[in-house]
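Residue 70 in UniProt numbering is what sits at position 70 of the sequence shown, and the numbering runs on without skipping anything.
Let me begin by presenting the structure, written as structure tokens, before commenting on it.
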Amino acid sequence: MIQIKVKDLSFSYSGFRALQDISFEAGAGDMLAIIGQNGSGKSTLLKCISRILKINTGHIEIGNISLSALSASKLSRIVAYIPQSTDSISGINVFDTVLLGRKPYIHSRPAPEDMELVSRLLTRLELDEVAMRNLNTLSGGQQQRVFIARALAQQPSILLLDEPIANLDINHQMKVMKLLRQLTQEGILVIITIHDINMAARFCNKALMLKQGRIFASGMQSVYTPENIENLYDIQVDILRHNDCICIIPQ
């Protein structure tokens, strides 16, 4: 079962300390929400975990192997990363977009098994009817599902998503969050950055609160207290419960 361990991670942009002394652990089946104000280091942390950015100090372990020791090919089979803004290739259709996720496994040309996996993913994410459509013609919700399908085509153990429900209507937000939770039930570790703390509290079993590049609070749903949220967002809230869900209501 996959596990990630982050110990004393720090990262700076041209002298600006974006992350400092970050330590946490998460494992297969977890859905970890990274929350905090804009500029708190959420996206930077995901980029460090995916090795897009090289950390200055500290250590990241994935499956008891140092992140720095993994080859690019091996890493791409373990970790899939979906940025908040994804550039699509002009003229490419949905099927071929998802097929790009098989790149770590394809040497010369796609095998029948690669094509079958893509077809299964398109069916699962309700995209089979738009498989031959140009990606740029799809709605925001459909495009997000395409990018998730492409990431799943890598067959990762860890899925990183930067603001996966940003700019989606509530219907598509719920579909994406339910899908991500379902993936955790299949043993995938899902780590997301998210601004909607109600969605985070409802769907994620763990939370990491960042403030000015440091961990302010972390743990299970017990971190969602009026005091923590006021300190994190400078706003007073009431915490209610409805059908075993935490509801965070600004005063």
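Glycine included, each C-beta is placed from N, C-alpha and C at the ideal position.
- When DSSP states are grouped into helix, strand and coil, Arg109 belongs to the coil group.
- In the assembly as shown, Arg109 is an exposed residue. Its beta-carbon has fewer than 16 other beta-carbons within 10 Å.
- Residue pairing of Thr57 in beta bridges, as defined by DSSP: Ser10.
- A direct Cα-to-Cα measurement between Leu168 and Ala80 gives close to 21 Å.
- Cα atoms of Ala18 and Asp234: separation of roughly 20 Å, rounded to the nearest angstrom.
- Short of 7 Å from the beta carbon of Ser50, and not among the five residues preceding or following it, lie these beta carbons of its own chain, in chain order: Val79, Tyr81 and Leu160.
- Secondary structure of Pro83 (DSSP, three-state): coil.
- The region 116 to 130 makes no contact with the region 19 to 33; the number of CB pairs closer than 8 Å stays below 3.
- The count of Cβ pairs closer than 8 Å, one atom from the region 227 to 241 and one from the region 207 to 217, reaches three, so the stretches are in contact.
- Secondary structure note for Met31: it is in no alpha helix (DSSP H), and the uninterrupted beta strand (DSSP E) holding it is Met31 to Ile35.
- The three-state reading of DSSP puts Glu163 in coil, since its state is none of H, G, I, E or B.
- Using a Cβ distance threshold of 7 Å, Asp238 and Ile246 do not count as a contacting pair.
- Rounded to the nearest angstrom, the gap between the Cα atoms of Tyr13 and Leu99 is 34 Å.
- Close CB contacts of Gly15 within its chain, under the 7 Å cut and outside five residues either way in sequence, are absent.
- Taking 7 Å as the cut-off, the beta carbon of Ala28 is found no closer than this to the beta carbon of Ile62.
- In the three-state reduction of the DSSP assignment, Thr225 falls in the coil class.
- Taking each of His195, Lys5, Ile35 and Met31 in turn and checking the Cα distance to Arg214, the smallest one comes out for Ile35.
- The Cβ atoms of Leu125 and Arg145 sit closer than 7 Å to each other.
- When DSSP reads this structure, Val190 sits in a beta bridge with Met31 and Leu159.
- If you check the CB distance, Met31 and Asn243 do not come in under 7 Å.
- Less than 7 Å separates the beta-carbon of Gly58 from that of Lys7.
- Between Ala201 and Ile194, the C-beta spacing is not below 7 Å.
- Taking the Cα positions, Gln251 is about 26 Å away from Met177.
- DSSP places Lys175 in no beta strand (DSSP E) but in the uninterrupted alpha helix (DSSP H) bounded by Ile170 to Gln185.
- The three-state secondary structure of Arg202, taken from DSSP, is helix.
- Between Asp196 and Pro226, the alpha-carbon positions lie close to 15 Å from each other.
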